[in-house]
Amino acid sequence: MSTLNSPMKLLKAMVIRIPLILKTLLLHAIRLSPVTGKQDLRTELTVAIIRSFITQTMPVGKQQKGSMRDPGIKGPMWVSKITLPQPEDSIQEAVFKAFEELKLGDETYDIPGMVPVEAEWTAYRSGVDKNATLPDISEEEKFKELRKETKDGMAILYFHGGAYFLMDPCSNRNSVVQLSKRTGAPVLSIRYRLAPQHPFPSALVDALVAYLSLIAPPPGSYHEPIPAKKIVLSGDSAGGNLCLVLLQTLLTLRRISPTITFHGREIPIELPAGLALSSPWCDITRSMPSVVNNALYDFLAPPSQTPETLYTPPRFPPDTVWPRNPPRVDMYSNANACIHPLVSPLSARKDLWKGAPPIFMNMGEEGLSDEGLILARKMHQVGVPVLVEQFEGMPHCFGLFMIETPIGKRLFAGMSKFCEDAIAARVTPSDHLTYIGYKLRSTRQVPLDKTVELSDDQVDAILRKRAAWRVEGEKELQRQFYEKARL
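Count along the sequence shown starting at 1, add 234, and that's the number in this note's numbering.
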């Protein structure tokens, strides 16, 4: 929908969808909708419309460009745009070390190289209306104004979602400002490199640069050093994945290489205060039962469920961005790395999470819920303080487009409270999931060990089977590619 960058395009797109809207209104009104009792009319319409826009009819490059288009900065927010300078190759080498330490077999990756990382400092701006624009001052002056309205010595490091190939910090400003307003923390949102042009581990390398830049500001930085224990990692969907794999990288490096060279200084590897995640994408293969079982409530269509045929890549119209040469079946990683713990954190052995800081997850009754719940269960079983909230009937990342609704406010209240508690080191863990009922009418507690019936061994078997399916598909694609190149 972000590609609809003009009123006329939006009007035309909505006119085309009038039959869908009328059908949804009618079925909801006569209570024959399949989601009756779990979604109100606004939610059901929103899901139906978003689902109708998610197609494979537009080239990936055009989708990227539309999803990254900056709508402008208006309303009660401060935004200061910065560029984190390119550090030494030691950063990507540290990621390579962690990757090798966690290898399950013969996984491979592309060498990303080091680049400067663009980012935005964002915070709530008081005393202005929804149409206010930023004053015509330098980015550094904007940062100084931003810091006047935020608390010292703390920060939230935010990674946007978008399946690792879409979106941008500008896409999430409204939700990021909610976190800042409620916690008083400044938020650093990262423009990490996107696949398929920059596959794994490019985004992870950029995330590590951003995290270390908060702790040990490079020359020319606007901010003062922020202790790791005063930083919360946060993100939605693929951004939640990036938080988790950054944490797993830090946990692994602490075991094998406790310091890292960053802009000429030896920096100890320290853990953040916590992670606050919304609808985290924990399994790149999307293999858990909820991708099908919860499809009714979500706008994310289930992936192919026919492993008896060769796995094939997404069939977008070709452009210079996708497909790649040589071909891959997944945009984000090589097929043989799709269940590496730094790609799909669900696949990490539970003992690898020992010593992790507190983790908060919220999610809907969505396609990705099983993978988040299973990961939370693993963490809980090795002593990680975990808090999980699930909202009945809600789709993937519903907080991003339902910010001002009662359920959106409830989501941000829970997430913000966790951030405050994590920074203050007062998180009270729970061994239960909090299931929040339709229209916030009820809550119930479900033991984390009972949220998903699959055992860890069953989960691992499913992941390995799905990974093997991808590998065979990629091998065949590449065989055809090289055979054609020889002709």
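No residue lacks a Cβ here, since even glycine has one placed at the ideal position from N, Cα and C.
Since this is a predicted model, take the numbers as computed values, not measurements.
Three or more beta-carbon pairs separated by less than 8 angstroms link the segment 456-464 to the segment 504-517, which places the two stretches in contact. Between K415 and the set G339, P552 and T384, the nearest pair of CA atoms involves T384.
Non-local beta-carbon contacts of N365 in its own chain, meaning distances under 8 angstroms to residues more than five positions away in sequence, involve K308 and G309 in chain order. In this structure, I518 lies near S578, with their beta-carbon atoms less than 7 angstroms apart. For S676, the three-state secondary structure derived from DSSP is coil. The segment 374-382 and the segment 426-441 do not touch, with fewer than three beta-carbon pairs separated by less than 8 angstroms. K673 and E278 have their alpha carbons spaced roughly 13 angstroms apart. Within a 10 Å sphere around the beta-carbon of T356 sit 16 or more other beta-carbons, which makes this residue buried.
In the DSSP assignment, S468 falls within the unbroken beta strand (DSSP E) covering I465 to D470. Around the C-beta of P592, 16 or more other C-beta atoms lie within 10 Å, and the residue is accordingly described as buried. The Cβ atoms of A429 and M565 sit closer than 7 angstroms to each other. The continuous beta strand (DSSP E) containing N596 extends over residues I593 to G598. Residue range V620 to F625 is occupied by the beta strand (DSSP E) that includes V620.
Within the segment 333-398, the complete alpha helix (DSSP H) segments of 4 residues or longer fall at 373-382, listed in chain order.
Per DSSP, reduced to three states, the secondary structure at H666 is strand. Secondary structure of V555 (DSSP, three-state): coil. V411 places its beta carbon 7 angstroms or farther from that of Y392.
Rounded to whole angstroms, the separation of the alpha carbons of I250 and Q326 is 47 angstroms.
Judged by DSSP in its simplified three-state form, L422 adopts strand. By the CB criterion at 7 angstroms, E708 and A569 fall inside the cutoff. Residue state for L318 is assigned as strand, using DSSP reduced to three classes. Rounded to the nearest whole angstrom, the CA to CA distance from D386 to P459 is 10 angstroms. Inclusion of Y669 and Q624 in the CB contact set at 7 angstroms is warranted, their separation being smaller than that value. As DSSP reads the structure, S512 sits in a beta bridge with D470 and N596. By the 16-neighbour rule on beta-carbons within 10 angstroms, R359 is buried. Take the alpha-carbon of D665 and the one of P640: they are about 26 angstroms apart. Between S513 and D604, the beta carbon gap of about 12 angstroms keeps them out of contact (Cβ cut-off 8 angstroms).
Rounded to whole angstroms, the gap between the alpha carbons of A353 and G418 is 19 angstroms. Bridge partners of T270 according to DSSP: none are assigned. When the alpha-carbon of H497 is set against those of V686, Q712, L245 and L318, the nearest one is in L318.
L422 has its alpha-carbon roughly 37 angstroms from the corresponding atom of L688. Distance from the CA of S676 to the CA of E626, rounded to the nearest whole angstrom, comes to 10 angstroms.
In chain order, H262 place their CB closer than 6 angstroms to the CB of L275, counting only its own chain and leaving out the 5 sequence neighbours on each side. Counting along the chain, no beta strand (DSSP E) covers F287; the unbroken alpha helix (DSSP H) around it starts and ends at L275 to F287.
In the three-state scheme derived from DSSP, where H, G and I count as helix and E and B as strand, K246 is classed as helix. Take the alpha-carbon of A389 and the one of E374: they are about 17 angstroms apart.
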